[in-house]
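Just so it is clear: in the sequence shown, position 589 is 589 by the UniProt record's numbering, and no numbers are missing.
No residue lacks a Cβ here, since even glycine has one placed at the ideal position from N, Cα and C.
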Amino acid sequence: MTRLVSLNPSAFATSQLSLLSAELAAETASTATLLSLHSPKNLATAGLAITNLVVSSQRTGLGGKTVLELEQDGAIGGDGLGEHGIRVGDVVRVGEQPKGGERKKEKVAIEGRGVEGVVVRVGKGVQVALGEGKGEEERLGGRLWVMNWTMERLKNMEEREYTTLTRVLFGLETPAPVAGDEAKLKFFDQTLNDSQRDAVRFALASREVALIHGPPGTGKTYTIIELILQLVQRKLRILVCGPSNISVDNIVERLAPHKLSIIRLGHPARLLPSVLNHSLDVLTQTSEAAGIVKDVRKEMDAKQASIKKTRSGRERKAIYDDLKELRKEYREREKQCVTTLISGSKVVLATLHGAGGFQLRNEQFDVVIIDEASQALEAQCWIPLLSAKKVVLAGDHLQLPPTIKSLDHDTKPKPEKDKAKAKGGGSLEVTLFDRLLTLHGPSVKRMLTTQYRMHEKVMRFPSDEMYDSHLIAAPAVAGRLLTTLPYEVQETDDTKEPLVFYDTQGGDFPEATSSSSPDDPTADGTKKPTKGSLLNDSKSNPSEALLVRHHVRALIDAGVKAEDIAVVTPYNAQLSCMSHDLGMKDLFPGLELGSVDGFQGREKEAVVVSLVRSNGQGEVGFLGERRRLNVAMTRPKRHLCVVGDSETVAKGSKFLKRWMQYLEAEADLRYPDLADLQEM
Numbered sequence: 001m002t003r004l005v006s007l008n009p010s011a012f013a014t015s016q017l018s019l020l021s022a023e024l025a026a027e028t029a030s031t032a033t034l035l036s037l038h039s040p041k042n043l044a045t046a047g048l049a050i051t052n053l054v055v056s057s058q059r060t061g062l063g064g065k066t067v068l069e070l071e072q073d074g075a076i077g078g079d080g081l082g083e084h085g086i087r088v089g090d091v092v093r094v095g096e097q098p099k100g101g102e103r104k105k106e107k108v109a110i111e112g113r114g115v116e117g118v119v120v121r122v123g124k125g126v127q128v129a130l131g132e133g134k135g136e137e138e139r140l141g142g143r144l145w146v147m148n149w150t151m152e153r154l155k156n157m158e159e160r161e162y163t164t165l166t167r168v169l170f171g172l173e174t175p176a177p178v179a180g181d182e183a184k185l186k187f188f189d190q191t192l193n194d195s196q197r198d199a200v201r202f203a204l205a206s207r208e209v210a211l212i213h214g215p216p217g218t219g220k221t222y223t224i225i226e227l228i229l230q231l232v233q234r235k236l237r238i239l240v241c242g243p244s245n246i247s248v249d250n251i252v253e254r255l256a257p258h259k260l261s262i263i264r265l266g267h268p269a270r271l272l273p274s275v276l277n278h279s280l281d282v283l284t285q286t287s288e289a290a291g292i293v294k295d296v297r298k299e300m301d302a303k304q305a306s307i308k309k310t311r312s313g314r315e316r317k318a319i320y321d322d323l324k325e326l327r328k329e330y331r332e333r334e335k336q337c338v339t340t341l342i343s344g345s346k347v348v349l350a351t352l353h354g355a356g357g358f359q360l361r362n363e364q365f366d367v368v369i370i371d372e373a374s375q376a377l378e379a380q381c382w383i384p385l386l387s388a389k390k391v392v393l394a395g396d397h398l399q400l401p402p403t404i405k406s407l408d409h410d411t412k413p414k415p416e417k418d419k420a421k422a423k424g425g426g427s428l429e430v431t432l433f434d435r436l437l438t439l440h441g442p443s444v445k446r447m448l449t450t451q452y453r454m455h456e457k458v459m460r461f462p463s464d465e466m467y468d469s470h471l472i473a474a475p476a477v478a479g480r481l482l483t484t485l486p487y488e489v490q491e492t493d494d495t496k497e498p499l500v501f502y503d504t505q506g507g508d509f510p511e512a513t514s515s516s517s518p519d520d521p522t523a524d525g526t527k528k529p530t531k532g533s534l535l536n537d538s539k540s541n542p543s544e545a546l547l548v549r550h551h552v553r554a555l556i557d558a559g560v561k562a563e564d565i566a567v568v569t570p571y572n573a574q575l576s577c578m579s580h581d582l583g584m585k586d587l588f589p590g591l592e593l594g595s596v597d598g599f600q601g602r603e604k605e606a607v608v609v610s611l612v613r614s615n616g617q618g619e620v621g622f623l624g625e626r627r628r629l630n631v632a633m634t635r636p637k638r639h640l641c642v643v644g645d646s647e648t649v650a651k652g653s654k655f656l657k658r659w660m661q662y663l664e665a666e667a668d669l670r671y672p673d674l675a676d677l678q679e680m
């Protein structure tokens, strides 16, 4: 088996710095383009903004930040925030919304103003912790700044400063042989299967690095929880990280019942009591150590409230000056409180970016565990790793990698020399998980093989194609159908089938591009582009969308709850078509519509996948990315319905051809009639 030669850490860091700079430029340009070309209303329609908000309250949050509570303007009507894609941890801009009668130049000026912040809670309202200018990690590009700082440190390190772990991660040393002294391990969770137990033993025995490969539904989080409990029993100190708040909070929720001394840095994405009780934000207010900051926080909140009561510019300035001084004092006291809390915790949990904050600057850990490592940039992973002794990476490198805006997503096969360059640090898309597998081979990895999500028929193709036929469906899920849901569902041609394929071949279900509208053709019959379209050249398939709506209605009519169904597609234009043109969200309240990329890590009882592509040239675009399709086909528990043109899709790649052949052989195969759909 071919192995990658060792890398020079300094050269690697230099390459990453250049790539991160390009990514920041692409991110900044993308944001600037959105703000300059699109109104708040259009951004809201695309799920990128929330409009018609008013400030309902404000308070002082962690670090002395001002936290705004924003709610829907009661005068506008409506319940909640409506459909949007704003999530906890997103960097956002809060600004004044221009009035309809304002002139265009005035609108541009208003839309360009505002203050940046970080979303800390989303519910009926949204809470935003405001930034305070340059130097704040939450400012635009702040996340990349943390990574740049880490890469600069690695770039400037002398060889004698490299830890043993650093040397192993760059191939300057081989991993130490794994000791076999964990055979009689006593497990806390007696329900773990053999592959999960083997992964825990391997991670405990490994000296420097261990990879836990967790395909969909194989209980990766349960395995991580067992590993943490075993490490704590050995009196080791652990830092647990993930690329997103959700990935970290999943672990916090599972750890909470074990009554460990844990602390969660940052703002929990799921505000359940079990999570809140361990969050730094709450502990700095409720713990014994919190007394030193309570009085200052109270004074700051009083100042915040007094701002609303005064109209005098001079008085407001004086209050802001007082707040500035209070924030300085607050941070000093809070820093003492945070240090006391963190130093007393055996397990600290944070996002990868959060691990670069001042709270952990002088803290030492025996083991770093990174969950969802295959969805994190390698530069992110190095934030907690520079001074670490050992790392355990958990993830699935056969699902989608992190989204990189600076990449030209070309689906054509890359030359071998380009692949080698990417593996050597020449691409942000290559994760640390990927690189270590290439560098050290399967000896550093253990795979979880029993999956508890999918019906056996849904699981079989991804298992054979992506996981070397290693996946096994647990007996409890292997044969379960929609008809065995814990509520009444009628047995119909749809609900009794785990796998359905609507083959639209024949040309009656043609694709369209979002830059054109069937109702607005040019003189020669081609479709007219829309300037500054948010969906660019994304593809849609209106006829296929009708078919999706038909199938969803059939499932709901049979008794399946709308909230147990998801519709996913690789194309945002198709999402827009189904959501806005067909009004599926209004027709079926509770139904979830989403992109394949956005649905990674999720699951539903029934999933309908709209492939969209249907053309005479056999062009499939980024549908040809195997990992994207792997995500799509592994989301359902009991029922997968695929809608697509087998003739077009099969021409995209050998993998797609084999998938079409599998669906034709194993699924309930249907050939829809467009005329029937249009009459419904």
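Query raised in the report: Taking Cβ positions, are Gly-559 and Gln-617 nearer each other than 8 Å?
Result: no
Report task. Using a threshold of 8 Å, state whether the C-beta atoms of Lys-445 and His-213 are closer than that. Result -> yes
Query raised in the report: Leaving out the 5 sequence neighbours to the left and right, which residues in its chain are closer than 7 Å to Ala-379 when beta-carbon positions are compared?
Result: Contacts found: Gln-16, Leu-20, Met-147, Thr-150 and Met-151.
Report task. For the alpha helix (DSSP H) containing Lys-604, list its first residue and its last residue. Result -> Run containing Lys-604: none in the alpha helix (DSSP H); it sits in the beta strand (DSSP E), 604 to 610.
Query raised in the report: Starting from Thr-431 and walking both ways along the alpha helix (DSSP H), at which residues does that stretch end?
Result: No alpha helix (DSSP H) holds Thr-431; DSSP gives it neither H nor E.
Report task. Assuming Pro-570 contacts Leu-640 (C-beta within less than 8 Å), just tell me the rounded distance between them. Result -> Taking C-beta atoms under 8 Å as the contact rule, Pro-570 and Leu-640 fail to qualify, at a distance of about 15 Å.
Requested in this report: Flag this pair as yes or no: are the beta carbons of Tyr-222 and Gln-196 separated by less than 8 Å?
Outcome: yes
Requested in this report: Would you tell me roughly how many angstroms separate the C-alpha atoms of Thr-166 and Ala-179, rounded to the nearest one?
Outcome: 21 Å
Query raised in the report: Taking Cβ to Cβ, would you say Thr-431 is nearer than 8 Å to Pro-401?
Result: For Thr-431 and Pro-401, yes; Cβs fall inside 8 Å.
Query raised in the report: Do you know how far the Cα of His-38 is from the Cα of Ala-302?
Result: 39 Å
**Report entry** Gln-600 beta carbon less than 8 Å from that of Val-567
**Finding:** no
Query raised in the report: Using 8 Å as the threshold, is the segment 468 to 485 in touch with the segment 501 to 512, meaning 3 or more CB pairs across them?
Result: no
Query raised in the report: Does DSSP put Leu-538 in a helix, a strand or coil?
Result: Looking at the sequence shown, residue 538 is not Leu but Ser. Coil.
Requested in this report: Let me know the secondary structure DSSP gives Met-447 once reduced to three states.
Outcome: In the three-state scheme derived from DSSP, where H, G and I count as helix and E and B as strand, Met-447 is classed as strand.
Query raised in the report: Of the residues Met-300, Ala-573, Leu-555 and Thr-450, which one's Cα is nearest the Cα of Lys-328?
Result: With distances taken between Cα atoms, Lys-328 lies closest to Met-300.
Query - Alpha carbon of Lys-324 to alpha carbon of Ile-263, nearest angstrom - result: For Lys-324 and Ile-263, the distance between alpha carbons rounds to 28 Å.
**Report entry** Neighbourhood of Gln-375 by C-beta, 6 Å cutoff - its chain only, sequence neighbours within 5 removed
**Finding:** Within the same chain, Gln-375 has close Cβ partners Pro-243 and Pro-402.
Query - Euclidean distance between Cα positions of Val-458 and Met-633 - result: 7 Å
Query raised in the report: What separation, rounded to the nearest whole angstrom, lies between the Cα atoms of Val-119 and Ala-667?
Result: Cα-Cα distance, rounded: 43 Å.
Requested in this report: Within 10 angstroms of the Cβ of Ala-318, are there 16 or more other Cβ atoms? Answer buried if so, exposed if not.
Outcome: exposed
Query - Nearest candidate by alpha-carbon position, reference Asp-396, set Leu-482, Ser-406 and Asp-371 - result: Asp-371
Query raised in the report: Quick one: what's Ile-369 bridged to in DSSP?
Result: Val-240 and Val-392
Requested in this report: Would you kindly work out how many angstroms separate the C-alpha atoms of Leu-227 and Val-209, rounded to a whole number?
Outcome: 14 Å
Query raised in the report: Taking just the CA atoms, how far does Ser-306 sit from Glu-315?
Result: 10 Å
Query raised in the report: So what does Ala-376 bridge to, in DSSP terms?
Result: BP columns for Ala-376 are empty, so no partner.
Query raised in the report: Relative to the C-alpha of Ser-540, which residue among Ser-427, His-470 and Arg-613 is closest?
Result: Of the candidates Ser-427, His-470 and Arg-613, the one whose C-alpha sits nearest the C-alpha of Ser-540 is Arg-613.
Requested in this report: Leaving aside the five residues before and after Ser-387 along the sequence, list all residues of the same chain whose C-beta is less than 8 Å from its C-beta, in chain order.
Outcome: Thr-163 and Gln-364
Query - Endpoints, the alpha helix (DSSP H) within which Leu-582 is located - result: Where Leu-582 is concerned, there is no enclosing alpha helix (DSSP H), given that its DSSP letter is neither H nor E.
Query raised in the report: beta strand (DSSP E) containing Ala-350: first to last residue?
Result: 347 to 351
Query raised in the report: Among the residues of its own chain, which have a CB less than 6 Å from the CB of Ala-13, if the five just before and after it don't count?
Result: Met-151, Leu-154 and Lys-155
Query - Distance between Leu-236 and Ile-565 (C-alpha atoms, nearest Å) - result: 43 Å
Query raised in the report: Span of the beta strand (DSSP E) holding Ile-565?
Result: Taken as a continuous stretch (DSSP letters only), the beta strand (DSSP E) holding Ile-565 covers 565 to 569.
Query raised in the report: CA-CA distance, Ser-646 and Ala-29?
Result: In this structure, the CA atom of Ser-646 is about 38 Å from the CA atom of Ala-29.
Query raised in the report: Can you name, in chain order, every residue of its own chain whose Cβ lies under 6 Å from the Cβ of Gly-356, other than the five neighbours on each side?
Result: Val-146 and Ile-383
**Report entry** Closest by C-alpha distance to Thr-440, when choosing among Phe-358, Leu-280, Leu-172 and Val-552
**Finding:** With the sequence shown as reference, residue 440 is identified as His, and Thr is not the correct amino acid for it. The shortest C-alpha separation from His-440 is found at Leu-172.
Requested in this report: Could you say which of Glu-334, Val-500, Pro-215 and Asp-503 lies nearest to Lys-294 if we only look at CA atoms?
Outcome: The residue with the shortest Cα to Cα distance from Lys-294 is Glu-334.
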